[in-house]
Structure formats: structure tokens, C-alpha cells
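Below you'll find the structure, written out as C-alpha cells, and then a few comments.
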Amino acid sequence: MRLFRIEHAAERCKLFEFRSETGWVPPASAGSHIQVHLPSMAARSYSIINPDDVLPRYVIAVKDAVDSTGGSRWLNSEARVGMSFDVSAPKNHFELERSAPHTALFAGGIGITPLWSMIQSLEKSGRSWSLHYGARSKSELLFCQELLRHGDQVRFVTDDEESPRHINFQSCIAASPAGTHFYCCGPKPMMEAFLVATAELPTEQIHVEYFSPKEEASLKGGFSVRLARSNVEVHVAPGTSILDNLRDKGIDVPHACGQGICGTCEMRVIQGTPDHRDSVLTQPERDSNQTMMICCSGSKTNQLVLDY
1 MRLFRIEHAA ERCKLFEFRS ETGWVPPASA GSHIQVHLPS MAARSYSIIN PDDVLPRYVI
61 AVKDAVDSTG GSRWLNSEAR VGMSFDVSAP KNHFELERSA PHTALFAGGI GITPLWSMIQ
121 SLEKSGRSWS LHYGARSKSE LLFCQELLRH GDQVRFVTDD EESPRHINFQ SCIAASPAGT
181 HFYCCGPKPM MEAFLVATAE LPTEQIHVEY FSPKEEASLK GGFSVRLARS NVEVHVAPGT
241 SILDNLRDKG IDVPHACGQG ICGTCEMRVI QGTPDHRDSV LTQPERDSNQ TMMICCSGSK
301 TNQLVLDY
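In terms of UniProt numbering, the sequence shown opens at residue 1 and continues consecutively.
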């Protein structure tokens with residue numbers, strides 16, 4: 001895809017519009033993300049903010065984060081209109097439940113990006129929704145003018161005043177109608193507070209997406225992995241991941257973030273019990289042990305057999 005437009009969005013944040021050179025792109029539903037392959041570094045995942053677009057394009061918002069591993073900084077400082085990039089097809093591990101009587105959204109900082117795509121989709125279908133959006137300052141709020149048009153549906157929480165303020169999850173949840181589905185994306189402390197506040201609710205009503213790993217990778221090793229269809233077996237040594245060992249063996253497996261966030265390296269488990277460390281699977285999905293992310297998860301058994 002070719003970088004068609006770069007636009008200032010908020011403090012230290014820009015919009016990047018990629019357009020297909022073939023005139024077509026796979027459709028992207030609300031909550032989807034893509035991987036953008038950047039020069040001399042691994043692919044980076046970014047939420048698509050223009051769901052169900054009729055144009056062959058994907059638009060992302062990228063903040064030049066202080067703790068950037070290089071991707072966001074490169075895009076904000078080095079990317080230029082006209083450059084070409086390899087971009088993956090969209091994936092969605094943060095699906096919008098369209099049958100919910102009400103959708104309550106909670107965003108922190110750049111975590112607004114997948115929720116902004118949901119808002120557009122909910123508005124288009126006439127569904128009920130509300131948003132609580134926190135940021136360090138008003139200058140860092142994305143899509144602020146567009147969100148202000150929705151009046152009381154949107155509540156902003158910033159630290160511009162003398163003492164920091166936080167979203168009161170308990171009161172927001174208590175005020176929501178029965179059957180509400182709750183979505184949260186933001187910094188890890190915010191995500192942890194959200195999960196504590198929603199712990200007593202049915203798991204199918206709780207949806208989260210992480211932009212950083214919620215757990216450390218499992219690197220204790222000491223087990224073997226067999227790929228059933230490839231007829232390949234590797235021993236995973238301490239300090240290494242399943243993905244590392246398969247790549248060292250010359251096995252070209254799909255991967256991107258290397259942190260268990262994007263879901264690209266997901267594989268079906270045929271035999272064995274994974275030590276799940278990803279930020280993608282829900283707890284019921286983890287408990288089923290049907291799939292795993294091989295970039296960050298290990299094994300609780302001496303051998304894993306995977307469908308690849």
C-alpha cells in the first residue's frame with residue numbers, strides 16, 4: 001500500500017492513510033487492526049479507524065510514544081507521503097457485539113483508536129453507546145471535536161487540573177442498563193482497574209484490547225514442540241520462545257509483534273497444555289487450550305503438538 005496522507009491528530013500523534021495500489025483491500029470491521037511492515041524492524045500493529053470504508057484504504061492513528069520501541073517514532077518522524085509499505089490483511093480480536101442493548105466504551109490515551117471505529121459503526125447502525133475517555137491533557141485527546149458533537153454520550157477525564165482524575169468504573173458500570181457490553185483499551189493500570197471493576201459480570205460482556213503485554217513471556221523452556229503437518233520437532237531451550245526455535249529451524253511461521261498482542265502467530269493445539277501469556281485470548285479461550293500464541297506462551301507439559 002502507498003502512504004497517501006499524513007495529518008496532525010493531537011499532541012505527538014498523527015493520522016496515516018494507506019491506499020491500495022491495486023484498487024482493493026480486504027474489508028475491516030470495527031475493532032480490527034493491521035500490521036504495517038516498517039524498514040529494518042518487525043511489523044507493528046495499529047488499529048484501523050475507518051471501519052467498513054468504501055474506499056480501498058486503511059487509516060491509523062500513531063502516537064510518538066516516549067517508550068516507543070521504534071515503530072511509532074519512525075512513522076512520526078521519517079514516514080513520507082508516497083512511500084510504499086507491506087500491510088497485512090485486517091485481523092479482529094476485539095469484535096463488537098452488535099446485539100447488545102447498550103455498549104459502554106472506556107479509552108485511555110491512544111486506546112481510543114479501536115473504540116473510535118466502534119463508535120462510527122454503532123452510530124451507523126443506530127445502536128446505544130457511551131464513552132469515557134481519559135488522557136493526560138486535553139491536547140492529547142484524539143477526535144475531540146467529533147466526539148463533542150455527541151454531547152452527554154461522551155465524558156472526558158484529563159489530568160489538566162491540580163490533582164489527577166480517573167474514570168470511576170464502578171459508578172459507570174452501576175449506571176449501565178442490564179445486558180450492557182463493556183469495552184476497554186488503554187494503559188495497563190487502567191486495564192487492571194477495569195477488570196477488577198467488572199470481575200463479577202458475565203465474561204461474555206467484558207472485552208479488552210492491550211497495546212502492551214499484560215504478562216511476561218514464558219521463557220523457561222525445557223519442552224519439545226512438534227508440528228504435525230510439517231513433521232518437524234524442536235526442543236525449546238530455556239530463555240527462548242517457541243517462535244525463536246521454529247525460525248532458527250528455518251520454519252517460516254506467521255508472526256508480527258513478538259509480544260502476544262496482535263494474534264498473528266496463533267496456532268491450533270492438538271496435544272499438550274500451553275502456558276498462556278498472550279494478551280489476546282479470553283480466559284474461557286485459554287481454559288479450552290484449543291489455540292496459543294507461540295511468540296510468548298510456553299508449555300506446562302513435556303511436549304506440545306501444534307497444527308502446522
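The C-beta atom is built at its ideal place from N, Cα and C for all residues, glycine as well.
Here the structure is a predicted model, which is why all the values come from computation and not from measurement.
Output yes or no for whether 8 Å exceeds the beta carbon distance between residue i and residue j.
{"i": "Ile112", "j": "Phe85", "result": "no"}
{"i": "Met118", "j": "Leu148", "result": "no"}
{"i": "Leu3", "j": "Ala79", "result": "yes"}
{"i": "Thr240", "j": "Leu219", "result": "yes"}
{"i": "Leu304", "j": "Phe223", "result": "yes"}
{"i": "Pro27", "j": "Asp52", "result": "yes"}
{"i": "Asn175", "j": "Thr158", "result": "Checking the displayed sequence, the identity of residue 175 turns out to be Ala instead of Asn. Taking 8 Å as the Cβ cut-off, Ala175 and Thr158 do not qualify as a contacting pair."}
{"i": "Lys14", "j": "Val59", "result": "no"}
{"i": "Gly31", "j": "Pro114", "result": "yes"}
{"i": "Lys138", "j": "Asp160", "result": "yes"}
{"i": "Arg286", "j": "Ala217", "result": "no"}
{"i": "Gly272", "j": "Thr301", "result": "yes"}
{"i": "Asn92", "j": "Ser29", "result": "yes"}
{"i": "Arg12", "j": "Val81", "result": "no"}
{"i": "Gln145", "j": "Ser88", "result": "no"}
How far does the beta strand (DSSP E) with residue i in it extend, from its first residue to its last?
{"i": "Phe156", "result": "154-158"}
{"i": "Trp74", "result": "Counting along the chain, Trp74 falls outside any beta strand (DSSP E), though it belongs to the alpha helix (DSSP H) covering 71-78."}
{"i": "Phe182", "result": "181-186"}
{"i": "Leu105", "result": "103-108"}
{"i": "Ser139", "result": "Ser139 -> no beta strand (DSSP E), and no H or E assigned at all."}
{"i": "Arg277", "result": "Where Arg277 is concerned, there is no enclosing beta strand (DSSP E), given that its DSSP letter is neither H nor E."}
{"i": "Gln303", "result": "303-306"}
{"i": "Glu21", "result": "Here Glu21 belongs to no beta strand (DSSP E), and DSSP marks it neither H nor E."}
{"i": "Arg165", "result": "It is not in any beta strand (DSSP E) - Arg165 carries neither H nor E in the DSSP assignment."}
{"i": "residue 317", "result": "For the chain, the structure presents residues 1 to 308; residue 317 sits outside this window and is missing."}
{"i": "residue 382", "result": "For residue 382 there is no data in the structure shown, the boundaries of the chain being 1 and 308."}
{"i": "Glu233", "result": "232-236"}
{"i": "Met83", "result": "Taken as a continuous stretch (DSSP letters only), Met83 belongs to no beta strand (DSSP E), as it is neither H nor E."}
Starting from residue i, trace the alpha helix (DSSP H) both ways and give me its first and last residue.
{"i": "Thr113", "result": "112-125"}
{"i": "Gln271", "result": "Run containing Gln271: none in the alpha helix (DSSP H); it sits in the beta strand (DSSP E), 266-271."}
{"i": "Leu38", "result": "No alpha helix (DSSP H) holds Leu38; DSSP gives it neither H nor E."}
{"i": "Gln145", "result": "144-148"}
{"i": "Ala174", "result": "169-174"}
{"i": "Arg247", "result": "242-248"}
{"i": "Gln283", "result": "283-288"}
Please report the Cβ distance between residue i and residue j, rounded to the nearest whole angstrom; I am assuming they are in contact, meaning their Cβ atoms lie under 8 Å.
{"i": "Arg57", "j": "Glu7", "result": "Not confirmed; about 13 Å, so no contact."}
{"i": "Ser45", "j": "His37", "result": "Ser45 to His37, Cβ: 11 Å. No contact."}
{"i": "Leu294", "j": "Ile242", "result": "Per the sequence shown, the amino acid found at residue 294 is Ile instead of Leu. Correct: roughly 4 Å between the Cβ atoms."}
{"i": "Val108", "j": "Pro187", "result": "The question names Val, yet the displayed sequence has Gly at residue 108. Indeed, because the Cβ distance is near 5 Å, the residues count as touching under 8 Å."}
{"i": "Val280", "j": "Leu306", "result": "Their Cβ separation, rounded to whole angstroms, is 16 Å, which puts Val280 and Leu306 out of contact at 8 Å."}
{"i": "Pro256", "j": "Ala42", "result": "For the record, residue 256 in the displayed sequence is Ala; it is not Pro. With 8 Å as the limit, Ala256 and Ala42 qualify as a contact, their Cβ atoms being about 7 Å apart."}
{"i": "Ala10", "j": "Glu140", "result": "5 Å"}
{"i": "Phe211", "j": "Ile49", "result": "That pair is no contact at about 14 Å."}
{"i": "Pro284", "j": "Thr203", "result": "6 Å"}
Margin query: I'd like to know if the region 12-28 and the region 234-248 are in contact, where contact means that at least 3 CB-CB pairs between them fall below 8 Å.
Written below: Judged by Cβ distances under 8 Å, the region 12-28 makes no contact with the region 234-248, as fewer than three pairs qualify.
Note to self: Please give the ranges of any beta strand (DSSP E) in the region 196-226, keeping only runs that are unbroken, at least 3 residues long and fully inside the region.
What the structure shows: 206-210
Margin query: Whether or not the region 201-214 and the region 122-135 are in contact is what I'm after, with contact meaning three or more pairs of Cβ atoms, one per stretch, closer than 8 Å; do they touch?
Written below: no
Next item on the list: Give a yes or no on contact between the region 258-266 and the region 169-189, applying the rule of three or more CB pairs nearer than 8 Å.
Entry: no
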